[in-house]
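To keep things clear, I will list the structure first and then write my remarks on it.
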């Protein structure tokens, strides 16, 4: 078995205050800590943006999940609430890039796009890819492996302050609401992740199998056509809505404007994700385009 | 044929600034006014809460769609943005309760609940019930007739300042997003409503049929169990999520808490709607309970 032992795990909810699966889960674990306790590692629980959670908004002054690039973490005397909070979290779970940082962070998010249970990672760490591929092996319709390669220092995402970063992106769920089916499955998923980590540490993983696993690798984001006031001049074409991770071929509809005129996709086959994500309207992102690659990964029983 | 002729119609979008089907439709009609022009009546287009639309929020200071009760409309020197705006709109389309008020207002809303195309009315006006039942006759899976009886003076909803009030409630759609399929069908629906009104005025409605139509009559709202801080202590039970307008029987699950404990419904059969509506978390409403009644209504071809 490859890789070092995992000595510290952190489970994060509320990095975005209106993404409630993680908020409710972490609150639950805080009052039921034995559910996330395992013998071979410590588990920390953090509600990342309590002020945004209280207000029921994604963030207060700045998207917290864009505040963890090294430059922002090292900024002197920050006066933006989320930059301050990111530096606090970096003190607790980092410092980013140091030998002392947390071994493994799981950050729980929601999307209004049909992301299922997306496992977003920035690095092909052996333990992390094995974990994700093993979840996929158990339930291939639910789990998707989404690779966002980015150099750790530049990556602005919270879990990148740890040695192994996993963003669990669950959808579709309207922000500010909770779907019980997702909550229940997410709780089971966290247990599966912790149990896998425990078995990884203690060499008790069973039935290894080399599997060719579909991996969706971030290519680029594309924006809506925009009107002069910045509002979208068109909508996601109906054939794409809720069709995340499905192939989009040359010549298929991409957008439709309010009069019914269609814009076609004129590139090679891609796999769009985060389709019609609410929070990305302000980020000039209508969807993210990925390429599907196949990678052989050692999987185990979950 | 019963009822007076309709001389004035108003189509409203953006009463809630983050419910975008109506916002995008009214914007579209403003630049394509012939699409809503008919010979026998005038059509006005209004974006009800422009400041909230700009901010991408439901409202700025107060829910505009709770500012149209007579007492609020007659309040002297209001200093709340939405109360002022309601009084302005009442000057344009009202005054509420007067002989001069608009004959027919269609107010377009969205919900995160699976409301389909709900036709919400406060009064059993002959033209309005015929219109709604005729839409239902054409597409019974899509359209639902939802009766919220309330004395007009007390009702706080925008369209109640007119002689005939119709709220078109479309969902599920995450607030702040647009689903193209809903937008396209809503545009068709507005054309159907205008064409029906034109035929009503000119006695050209065809193939009358007396039909027994299911009508969902508001009974009461119920709230989530709450924690001391006001946040919901439980979630909508998974069997209810997205099951608006379906019967809830005695003994079936209503809520589930974060540990998995279920609260059962212990009343007579009801038909819940607005299940898990995001905007109602702050209004202490987990869902609205309705009774299904049957009413014989004269329907026509749409």
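Residue numbers (our numbering), protein chains in the order written: chain F, 498 to 799; chain Y, 498 to 799. Here a beta-carbon is modelled for each residue, glycine too, at the ideal position from N, C-alpha and C.
The stretch 656-690 of chain F: which residues have C-beta closer than 8 Å to a C-beta of chain Y, in chain order?
Those residues of the stretch 656-690 of chain F that come within reach of chain Y (Cβ to Cβ, closer than 8 Å) are 669, 671, 672, 673, 674, 675, 676, 677, 678, 680, 681.
Which value, in whole angstroms, describes the spacing of the CA atoms of residue 714/F and residue 614/F?
Between residue 714/F and residue 614/F, the C-alpha separation is close to 16 Å.
Please name the residue or residues paired with residue 505/F in a DSSP beta bridge.
DSSP output for residue 505/F lists 539/F as bridge partner(s).
Please tell me whether residue 734/Y has its Cβ less than 8 Å away from any Cβ of chain F.
At a cut-off of 8 Å, the C-beta of residue 734/Y has a neighbouring C-beta in chain F.
Within the same chain, show all residues whose beta-carbon is closer than 6 Å to that of residue 504/F, passing over the 5 residues directly before and after it, in chain order.
Only 538, 600 meet the Cβ criterion.
Using the beta-carbon of each residue, which ones in chain Y are nearer than 9 Å to residue 753/F?
Within chain Y, the residues near residue 753/F are 677, 680, 681.
Within-8 Å CB hit, residue 778/Y to chain B
Given the protein chain composition of this structure (F and Y), no chain B is represented.
Name the two residues that bound the continuous beta strand (DSSP E) containing residue 791/F.
784-796 is the span of the beta strand (DSSP E), which, as asked, contains residue 791/F.
With 7 Å as the C-beta to C-beta threshold (strictly closer), list the residues of the stretch 510-528 of chain Y near chain F in chain order.
Listed in sequence order: 521, 525.
Tell me, please, whether the CB atom of residue 607/Y is closer than 8 Å to any CB atom in chain F?
Not one beta carbon of chain F lies nearer than 8 Å to the beta carbon of residue 607/Y.
Straight-line gap, residue 602/Y to residue 777/Y (C-alpha atoms, nearest Å):
Within the model, the alpha-carbon separation for residue 602/Y versus residue 777/Y is close to 24 Å.
Are any of the Cβ atoms in chain Y nearer than 8 Å to that of residue 562/F?
No, because no Cβ of chain Y sits closer than 8 Å to the Cβ of residue 562/F.
Could you list the residues in the stretch 699-733 of chain Y with a C-beta less than 7 Å from some C-beta on chain F, going in chain order?
Within the stretch 699-733 of chain Y, the residues whose Cβ lies closer than 7 Å to some Cβ of chain F are 732, 733, listed in chain order.
Against chain Y: residues of the stretch 737-761 of chain F by CB proximity under 8 Å
Correct list: 738, 753, 755, 756, 757.
The alpha helix (DSSP H) with residue 686/Y in it runs from where to where?
Residues 677-698.
Neighbour flag for residue 546/F against chain Y, beta carbons, 8 Å
Output row for residue 546/F: interface = no.
From 657/F, 752/F, 668/F, residue whose alpha carbon lies closest to that of residue 639/F
Nearest C-alpha to residue 639/F: 668/F.
For residue 498/F, name the three-state secondary structure that DSSP assigns.
Note that residue 498/F scores a pLDDT of 42, beneath 50, so its modelled location is shaky and nothing firm can be said.
List the residues that DSSP assigns as beta-bridge partners of residue 641/F.
Paired residue(s): 615/F.
Please state the DSSP three-state secondary structure of residue 756/Y.
Assigned with DSSP and collapsed to three states, residue 756/Y falls in coil, not helix or strand.
Would the beta-carbon of residue 750/F fall within 8 Å of that of residue 736/F?
Here residue 750/F is near residue 736/F, since their CB atoms are less than 8 Å apart.
Are the stretch 534-549 of chain F and the stretch 689-702 of chain F in contact at 8 Å, needing three or more beta carbon pairs?
With a cut-off of 8 Å, the stretch 689-702 of chain F and the stretch 534-549 of chain F count as touching, because enough Cβ pairs lie within range.
Beta strand (DSSP E) segment containing residue 717/Y, residue limits:
Looking at the DSSP string, the run of the beta strand (DSSP E) that includes residue 717/Y is 706-719.
Interface residues of chain Y facing residue 775/F [CB-CB closer than 8 Å]:
Simply 671, 672, 673, 674.
So residue 561/Y and residue 659/Y are in contact, right, with Cβ under 8 Å, and what is the actual spacing, rounded?
The Cβ separation is near 16 Å, so there is no contact.
Please tell me whether residue 530/F has its Cβ less than 8 Å away from any Cβ of chain Y.
Not an interface residue.
Endpoints, beta strand (DSSP E) assigned at residue 668/F:
In this chain, the beta strand (DSSP E) harbouring residue 668/F covers 662-668.
Check whether the Cβ atoms of residue 734/Y and residue 753/Y sit closer than 8 Å, and answer yes or no.
Yes, they are a contact pair.
Could you check the C-alpha separation between residue 551/Y and residue 729/F for me, to the nearest Å?
Within the model, the alpha-carbon separation for residue 551/Y versus residue 729/F is close to 13 Å.
Counting only C-beta atoms, is residue 785/Y closer than 8 Å to chain F at any point?
No, no contact with chain F.
Could you spell out the range, first to last residue, of the beta strand (DSSP E) harbouring residue 546/Y?
That residue, residue 546/Y, is in no beta strand (DSSP E); it is neither H nor E in DSSP.
In the DSSP assignment, what residue or residues form a beta bridge with residue 761/Y?
As DSSP reads the structure, residue 761/Y sits in a beta bridge with 750/Y.
Alpha-carbon to alpha-carbon, residue 620/Y and residue 565/Y:
About 16 Å.
By how many angstroms is the C-alpha of residue 612/F removed from the C-alpha of residue 641/F?
The C-alpha of residue 641/F lies about 8 Å from the C-alpha of residue 612/F.
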